[in-house]
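Numbering (the numbering used here), first residue to last: 1 to 448. The block underneath contains the structure these notes are about, expressed in structure tokens.
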Amino acid sequence: PENVGILALEIIFPSQYVDQTELEEFDGASAGKYTIGLGQSKMGFCSDREDVNSLCMTVVQRLLERNNVDLKNIGRLEVGTETIIDKSKSVKSALMQLFGDNTDIEGIDTTNACYGGTAALFNSINWIESSSWDGRLALAVCADIAVYAKGSARPTGGAGAVAMLVGPNAPLVFERGLRSTFMQHAYDFYKPDLSSEYPTVDGKLSIQCYLSALDNCYQLYGRKFQQRHPEETTKGLDRFDAIIFHTPFCKLVQKSVGRLCFNDFLLTSEDKRAEKYPGFERFNQSTFENSYFDRDVEKSFMTTFSNVFEEKTKKSLFLANQVGNMYTPSVYSGLVSLLINEPTENLTNKRIGVFSYGSGLASTMYSIKITENLEALKKFTSKLDYVKPLLESREKVAPAEFTKLMEVREKNNHAAPYEPSGSTDVLFPGTYYLKNIDELHRRTYERK
Ligand code: ACO
Numbered sequence: 001p002e003n004v005g006i007l008a009l010e011i012i013f014p015s016q017y018v019d020q021t022e023l024e025e026f027d028g029a030s031a032g033k034y035t036i037g038l039g040q041s042k043m044g045f046c047s048d049r050e051d052v053n054s055l056c057m058t059v060v061q062r063l064l065e066r067n068n069v070d071l072k073n074i075g076r077l078e079v080g081t082e083t084i085i086d087k088s089k090s091v092k093s094a095l096m097q098l099f100g101d102n103t104d105i106e107g108i109d110t111t112n113a114c115y116g117g118t119a120a121l122f123n124s125i126n127w128i129e130s131s132s133w134d135g136r137l138a139l140a141v142c143a144d145i146a147v148y149a150k151g152s153a154r155p156t157g158g159a160g161a162v163a164m165l166v167g168p169n170a171p172l173v174f175e176r177g178l179r180s181t182f183m184q185h186a187y188d189f190y191k192p193d194l195s196s197e198y199p200t201v202d203g204k205l206s207i208q209c210y211l212s213a214l215d216n217c218y219q220l221y222g223r224k225f226q227q228r229h230p231e232e233t234t235k236g237l238d239r240f241d242a243i244i245f246h247t248p249f250c251k252l253v254q255k256s257v258g259r260l261c262f263n264d265f266l267l268t269s270e271d272k273r274a275e276k277y278p279g280f281e282r283f284n285q286s287t288f289e290n291s292y293f294d295r296d297v298e299k300s301f302m303t304t305f306s307n308v309f310e311e312k313t314k315k316s317l318f319l320a321n322q323v324g325n326m327y328t329p330s331v332y333s334g335l336v337s338l339l340i341n342e343p344t345e346n347l348t349n350k351r352i353g354v355f356s357y358g359s360g361l362a363s364t365m366y367s368i369k370i371t372e373n374l375e376a377l378k379k380f381t382s383k384l385d386y387v388k389p390l391l392e393s394r395e396k397v398a399p400a401e402f403t404k405l406m407e408v409r410e411k412n413n414h415a416a417p418y419e420p421s422g423s424t425d426v427l428f429p430g431t432y433y434l435k436n437i438d439e440l441h442r443r444t445y446e447r448k
């Protein structure tokens, strides 16, 4: 099969959010810390009415209905998530409730922090390109509820779900031979306490790990690109028309674009640097390893190349800024944001770089080539017209009320039997929600 890629794309996010300016005040943080310092405006969150199963059911059902997908035509269903409820029982198995008589669907869950969605996607692509493929389509689903204990990490939460229908002759095509991966053992962020939804996180280390993974993936991608396309003269970031990132908070991504420009600088031979980077001689002795928290490097590359951020990345941060870190769907919310904020005419034949990162750590950079068929692309992007109005229709919740709802989740995590108390009135129409949990921890859902 040729041109394997994304045939349809669906995203959902919580119907309630807390305003980050109000949260700064409520937390006693200095004004601007979350909004300017982290680059976040609003944070979506779920009450105890929603869990990872319900988020996945909502997004998958919406994708199936809105694209008239024949249930029998799904041959693989993969879920990437780090939100664990039944441990040995997959979220994928819960999604089988939506597939009627079609029980012949391969795939289960994949977990490694925010990377699982990309693993689910790769498994889907690989299946279609393999000898196991039976001609049907694959669905890659990613969903998470990102919540942190009270403290400095709490404003970097969020929640959401993305479903991607994968098959041949797609408008968004995964470029073959251009995946570069960096994986390493690290305790930057993990969830050793199985009784809690909250991670154990070393914030500073997690940022260092993210940036080091970015450096490694980017450099390897460049080498693979060179091998695969020796005829192409464009180098470095110019290879990408847009570049999207896993987004723990928007400021980190803005810094990451600067970081990639710093990569291009260090990868330029010293004799050519003076011409291309006047005034940057002081960075000739810098190295990747000694510069993760070098303020001068960070600021100089970020401000000098702010146009690169504006051109290639800013539009993709729309949902991350409005919803927060969705974990596994985060990088794909970047894809949706780009598609709904860039005029479709500008997108044909473009190459999008993708950087997916999950703590612990697993990361990959790869690229998507957009079709040159404008009609096909318009048909695809017009299906995302619902995103902005849905976002506008959310309900704002005061930080004190948000904190109470978080305490309810915290207190009742893994409780059984359990009747959720969160309102169903606030949920968007078509949302699956948790009706109850019986004494054997079996969950029942209803749809609004
Ligand atoms: N106005 C403007 N900016 C401000 C203000 C203010 N009043 N106050 C602080 N800031 C800036 C700081 O200078 C800093 O920016 P800088 O790094 O560019 O200088 C930024 O706001 C954040 O302030 P810090 O003091 O660094 O924040 P803190 O250490 O309290 O927490 C952190 C930040 C570590 C990101 C925390 O929220 C966290 O642990 N989050 C979860 C981990 C995470 O998301 N890691 C990213 C990769 S891994 C993953 O995806 C989970």
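Just so it is clear, CB atoms sit at the ideal spot from N, CA and C, and this is done for glycine as well.
| Query | Result |
| --- | --- |
| Beta-carbon proximity of R394 to Y17, cut-off 8 Å | yes |
| Inter-residue Cα distance where the pair is L260 and Y418 | 48 Å |
| CA nearest to the CA of K378, picked from D264, A163, I36, A170 | A170 |
| Cβ separation of I352 and S333, assumed to be a contact under 8 Å, to the nearest whole Å | Wrong, their Cβ atoms sit about 14 Å apart, outside the cutoff. |
| Three or more C-beta pairs below 8 Å linking the segment 146-158 and the segment 100-108 | no |
| The segment 79-95 / the segment 305-312 touching (three or more Cβ pairs under 8 Å) | no |
| Contact between the segment 343-362 and the segment 263-271 (3+ Cβ pairs under 8 Å) | no |
| Own chain residues within Cβ distance below 6 Å of T313, not counting five before or after | I243, V257 |
| Simplified DSSP assignment, three categories, for Q40 | coil |
| Three or more C-beta pairs below 8 Å linking the segment 181-189 and the segment 397-408 | no |
| Residues that DSSP places opposite A143 in a beta bridge | A161 |
| Limits of the unbroken beta strand (DSSP E) element including L9 | 5-12 |
| Cβ-based neighbour list, I125, same chain, cut-off 7 Å, excluding 5 preceding and 5 following | V4, V166, F174 |
| Identified DSSP bridge partners for K386 | For clarity, residue 386 is Tyr in the given sequence; the question names Lys instead. BP columns for Y386 are empty, so no partner. |
| Entirely enclosed alpha helix (DSSP H) segments - the segment 356-403, minimum 4 residues | 374-382, 387-392 |
| Where the alpha helix (DSSP H) containing L260 begins and where it ends | 250-266 |
| Any non-hydrogen atom of ligand 1 within 7 Å of A31 CB | yes |
| C-beta contact flag for D144 and T81 at 8 Å | yes |
| Cβ neighbour criterion (16 or more within 10 Å) applied to I449 | Since the displayed the chain opens at 1 and closes at 448, residue 449 lies outside it and no answer follows. |
| Contact set for H476: own chain, Cβ-Cβ below 7 Å, skip 5 residues either direction | Residue 476 lies beyond the residue range present for the chain, which begins at 1 and ends at 448; the question has no answer from this structure. |
| Pairwise C-alpha distance: T371 and E232 | 19 Å |
| Buried or exposed by the 16-neighbour rule on C-beta atoms within 10 Å, applied to E392 | exposed |
| Selected residue, minimal CA-CA separation from F99, among T118, L71, K87, L434 | L71 |
| C-beta atoms of C217 and S363 nearer than 8 Å | yes |
| For F318 and V141, the rounded distance between their alpha carbons | 21 Å |
| Beta-ladder partner(s) of T181, from DSSP | T364 |
| Residue interval of the beta strand (DSSP E) (run including Q16) | 16-19 |
| Beta-carbon proximity of P503 to G44, cut-off 8 Å | A query on residue 503 cannot be resolved here, the shown segment of the chain reaching from 1 to 448 and no further. |
| Integer-rounded CB distance, given that F122 should sit under 8 Å from F245 | So it is not a contact: roughly 18 Å between Cβ atoms. |
| 8 Å Cβ cutoff met for A449 and N325 | Residue 449 lies beyond the range of the chain shown here (1 to 448); nothing can be said about it. |
| Limits of the unbroken beta strand (DSSP E) element including R76 | 74-80 |
| DSSP state of I84 mapped onto helix, strand, coil | coil |
| Simplified DSSP state of T444, which is helix, strand or coil | strand |
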